[in-house]
Ligand code: UD1
Ligand code: MG
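Numbering (the numbering used here), first residue to last: 3 to 454.
Shown next, in the form of structure tokens:
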């Protein structure tokens with residue numbers, strides 16, 4: 003059976019007060035609409051259709067080929083939005099799932115249950131509802147004596163009695179496609195707002211004597227819709243809690259979930275401990291038995307097993323096993339630390355490989371460098387990799403001892419087993435097993451100043 007989702011995303015999201023379209027605001031590191039598309043995947047068989055309007059260009063660009071998009075212009079209500087998808091889908095699907103793209107917490111399993119309900123429904127509509135004492139402006143669900151739904155009444159037109167109804171319309175529906183296409187043209191124009199409400203299809207079905215089934219959800223949190231930045235933060239907190247729970251169930255210790263920010267798509271192995279105030283972003287892969295944090299920020303990085311990352315920042319970097327890093331270390335793009343590397347406080351590494359056993363205890367900058375096994379980088383060592391125009395490489399061999407405060411003026415090579423004295427400024431290659439010292443600065447030529 004072909005099942006296709008229509009995701010409504012054309013609304014303005016006025017209350018966000020943002021130049022960014024509402025559905026592109028991130029929750030746990032991914033745009034809201036990403037979460038909606040993920041949830042849809044599990045219950046549908048075809049590529050989804052996203053109805054775009056406000057911010058259409060940005061939303062369509064974000065979607066790429068993950069969905070077909072169709073423009074709704076002007077925006078005349080949720081029923082009118084679904085009408086825009088009709089010509090794309092007519093005859094090409096048996097069931098249509100409709101949901102709103104500003105409900106990032108709605109789970110795939112919930113939509114799956116909804117589709118199952120509709121597969122067993124002789125009538126044309128199944129929908130999601132929830133019981134709550136806090137209506138949050140949701141439409142009220144009116145039931146017939148036999149338990150089927152007779153209508154959805156929007157809050158602003160509801161009678162005082164209807165306002166007392168605790169069963170609310172969540173905003174997730176599964177329709178029999180053929181019936182839906184016929185019903186859309188029968189939706190009456192709402193007189194107060196001049197809009198066409200998708201929710202009015204429920205009353206149309208009921209009046210035709212056809213059954214509308216409702217699946218009552220028990221997790222109220224899943225139904226949070228985002229209309230303001232207050233809701234955005236509520237959803238973000240809830241999503242983070244959900245992500246943290248999953249990691250904890252997988253064997254990760256999270257000491258303080260409330261101050262641990264792990265984005266969607268991060269993998270963490272068992273027996274790793276995440277200490278408070280730690281941020282793990284993007285495509286990050288962390289192995290087993292590590293201690294990360296407190297106070298660490300890790301993005302798009304890979305960490306092996308049994309590493310310690312204390313109060314440090316990693317971005318696009320790789321740690322092998324048993325690396326001990328921090329506090330206050332910074333790894334930038336292309337930094338790669340081998341097994342048992344020790345990197346102490348106030349070091350920075352970029353586009354460099356530190357082979358197994360390298361020690362770099364204090365205050366160093368290593369850029370565009372290859373460092374051999376068991377080499378010691380003394381405090382304050384700098385690879386002077388930039389001449390003002392180009393970056394140059396530094397190659398340091400194995401078992402080298404670089405003395406404190408050495409300046410290595412690249413391009414340069416230091417042979418295996420060599421040593422540099424404290425404060426050396428090294429401008430020429432150093433042969434194996436050789437000691438170099440000194441080289442104070444002296445004027446060698448007059449420069450021509452370039453103004454940029
Ligand atoms: C809607 C439901 C209400 C339900 C609530 C749950 C209707 C008429 N009412 O109300 O019963 O309880 O959601 O959150 O459907 N959209 C378009 N084009 C439009 C109008 C809206 O694409 O012309 C999109 C919006 O971007 C949004 C979604 O449809 O993603 C819902 O629209 P919104 O205006 O938020 O409807 P509610 O008033 O919240
Ligand atoms: Mg809404």
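Heads up, the beta-carbon is just placed ideally off N, CA and C, and yes, glycines get one too.
Note to self: What does DSSP give as the partner residue(s) for residue 28 in the beta ladder?
What the structure shows: Within the chain shown, the letter at position 26 stands for residue 28. 33.
Notebook entry, point to check: For the ligand UD1, any of its heavy atoms closer than 6 Å to the Cβ of residue 112?
Noted result: To locate residue 112, count along the chain shown from 1; it is residue 110. Not under cutoff, so the answer is no.
Notebook entry, point to check: When the Cα atoms are used, what is the spatial distance from residue 322 to residue 397?
Noted result: Position 320 of the chain shown, counted from the first residue, corresponds to residue 322. Position 395 of the chain shown, counted from the first residue, corresponds to residue 397. Taking the straight line from one Cα to the other gives about 20 Å.
Next item on the list: Pull up the distance between the alpha-carbon of residue 14 and that of residue 310, whole angstroms please.
Entry: Sequence index remark: in the chain shown, residue 14 carries index 12 (1-based). Sequence index remark: in the chain shown, residue 310 carries index 308 (1-based). Looking at the two C-alpha atoms, the distance is approximately 46 Å.
Check: On the three-pair Cβ rule with 8 Å, is the stretch 58–70 touching the stretch 117–133?
Finding: no
Margin query: Tell me which residues share the same chain as residue 140 and place their Cβ nearer than 6 Å to its Cβ, disregarding the 5 neighbours each side in the sequence.
Written below: Numbered from 1 along the chain shown, position 138 holds the residue referred to as residue 140. Taken in chain order, the residues that qualify are 170, 171.
Next item on the list: Pick helix, strand or coil for residue 46, following the three-state DSSP scheme.
Entry: Here residue 46 refers to the residue found at position 44 of the chain shown. Residue state, collapsed to three classes: coil.
Check: Is residue 227 near the ligand MG, going by C-beta to nearest heavy atom under 6 Å?
Finding: Within the chain shown, the letter at position 225 stands for residue 227. True, at least one ligand heavy atom lies under 6 Å from that Cβ.
Next item on the list: Between the Cα of residue 54 and those of 82, 37, 41, spot the shortest distance and give me the residue it belongs to.
Entry: To locate residue 54, count along the chain shown from 1; it is residue 52. Closest by alpha carbon: 82.
Next item on the list: Mind listing, in chain order, the continuous beta strand (DSSP E) runs of no fewer than 3 residues lying wholly within the stretch 317–397?
Entry: 337–339, 344–347, 350–352, 354–356, 361–364, 367–369, 371–373, 384–386
Next item on the list: Pick helix, strand or coil for residue 242, following the three-state DSSP scheme.
Entry: To locate residue 242, count along the chain shown from 1; it is residue 240. Residue 242: helix per DSSP, three-state reduction.
Next item on the list: Please go through the same chain and pick out, in chain order, the residues whose beta-carbon is closer than 6 Å to the beta-carbon of residue 216, but skip the five residues on each side of it.
Entry: Numbered from 1 along the chain shown, position 214 holds the residue referred to as residue 216. Taken in chain order, the residues that qualify are 129, 131, 151.
Check: Mind pulling the beta strand (DSSP E) runs of 3 or more residues that sit fully within the stretch 74–121?
Finding: 97–102
Notebook entry, point to check: If you follow the alpha helix (DSSP H) that residue 474 is part of, which residue opens it and which one closes it?
Noted result: Here the chain comprises residues numbered 3 to 454, so residue 474 is not present and cannot be evaluated.
Checklist line | Backbone secondary structure at residue 16 - three-state DSSP | finding: Position 14 of the chain shown, counting from 1, holds the residue named residue 16. Helix, per DSSP.
Item checked: Environment of residue 453 [buried if 16+ CB atoms lie within 10 Å] -> Against the chain shown, residue 453 aligns to sequence position 451. Burial call: exposed.
Note to self: Using a Cβ distance threshold of 8 Å, determine whether the stretch 268–278 contacts the stretch 290–308, with at least three qualifying pairs required.
What the structure shows: yes
Margin query: What does DSSP give as the partner residue(s) for residue 276 in the beta ladder?
Written below: As a first step, residue 276 is located in the chain shown; it is residue number 274 there, counting from the start. According to DSSP, residue 276 bridges with 256, 294.
Next item on the list: Inspect the beta-carbon positions of residue 197 and residue 79 and report whether they are closer than 7 Å.
Entry: The sequence position of residue 197 within the chain shown is 195, counting from 1. The sequence position of residue 79 within the chain shown is 77, counting from 1. Result yes, Cβ atoms of residue 197 and residue 79 sit closer than 7 Å.
Notebook entry, point to check: Secondary structure at residue 455, three-state DSSP: helix, strand or coil?
Noted result: The question about residue 455 has no answer here: the residues shown for the chain are numbered 3 through 454.
Next item on the list: Spatial neighbours of residue 279 within its chain, please: CB distance less than 6 Å, with the 5 preceding and 5 following residues excluded, ordered by chain position.
Entry: What you label residue 279 is simply residue 277 of the chain shown in a count that begins at 1. Within the same chain, residue 279 has close Cβ partners 261, 296, 297.
Notebook entry, point to check: Within this structure, are the beta carbons of residue 214 and residue 204 separated by less than 7 Å?
Noted result: To locate residue 214, count along the chain shown from 1; it is residue 212. To locate residue 204, count along the chain shown from 1; it is residue 202. Yes, the Cβ-Cβ distance between residue 214 and residue 204 is below 7 Å.
Note to self: DSSP three-state label for residue 41, please.
What the structure shows: By one-based count along the chain shown, residue 41 stands at place 39. Three-state result, residue 41: helix.
Next item on the list: Compute the Euclidean distance between the alpha carbons of residue 98 and residue 12, then round it to the nearest angstrom.
Entry: To locate residue 98, count along the chain shown from 1; it is residue 96. To locate residue 12, count along the chain shown from 1; it is residue 10. Rounded to the nearest angstrom, the two C-alpha atoms are 18 Å apart.
Margin query: Taking only three categories from DSSP, how would you classify residue 222?
Written below: Mapped onto the chain shown, residue 222 falls at position 220. Correct three-state label for residue 222: helix.
Note to self: Along the chain, where does the alpha helix (DSSP H) containing residue 153 start, and where does it finish?
What the structure shows: The residue given as residue 153 occupies position 151 in the chain shown. Counting along the chain, residue 153 falls outside any alpha helix (DSSP H), though it belongs to the beta strand (DSSP E) covering 151–155.
Item checked: Selected residue, minimal CA-CA separation from residue 138, among 101, 228, 190 -> As a working note, residue 138 is residue 136 in the chain shown. Answer by Cα proximity: 228.
Next item on the list: My understanding is that residue 399 touches residue 417, with C-beta atoms under 8 Å, so please give their C-beta distance in whole angstroms.
Entry: For the purposes of this step, residue 399 is taken as the residue at position 397 of the chain shown. For the purposes of this step, residue 417 is taken as the residue at position 415 of the chain shown. The beta-carbon separation of residue 399 and residue 417, rounded to 5 Å, stays under the 8 Å limit for a contact.
Note to self: I'd like the span of the alpha helix (DSSP H) that includes residue 184, first residue to last.
What the structure shows: As a first step, residue 184 is located in the chain shown; it is residue number 182 there, counting from the start. Unbroken alpha helix (DSSP H) run through residue 184: 179–186.
Item checked: Residue from 23, 225, 45 whose Cα sits closest to the Cα of residue 35 -> Against the chain shown, residue 35 aligns to sequence position 33. Among 23, 225, 45, the Cα nearest to that of residue 35 belongs to 23.
Check: Any heavy atom of the ligand UD1 closer than 6 Å to the CB of residue 104?
Finding: Position 102 of the chain shown, counted from the start, is the residue given in the question as residue 104. Result yes, Cβ under 6 Å from the ligand UD1.
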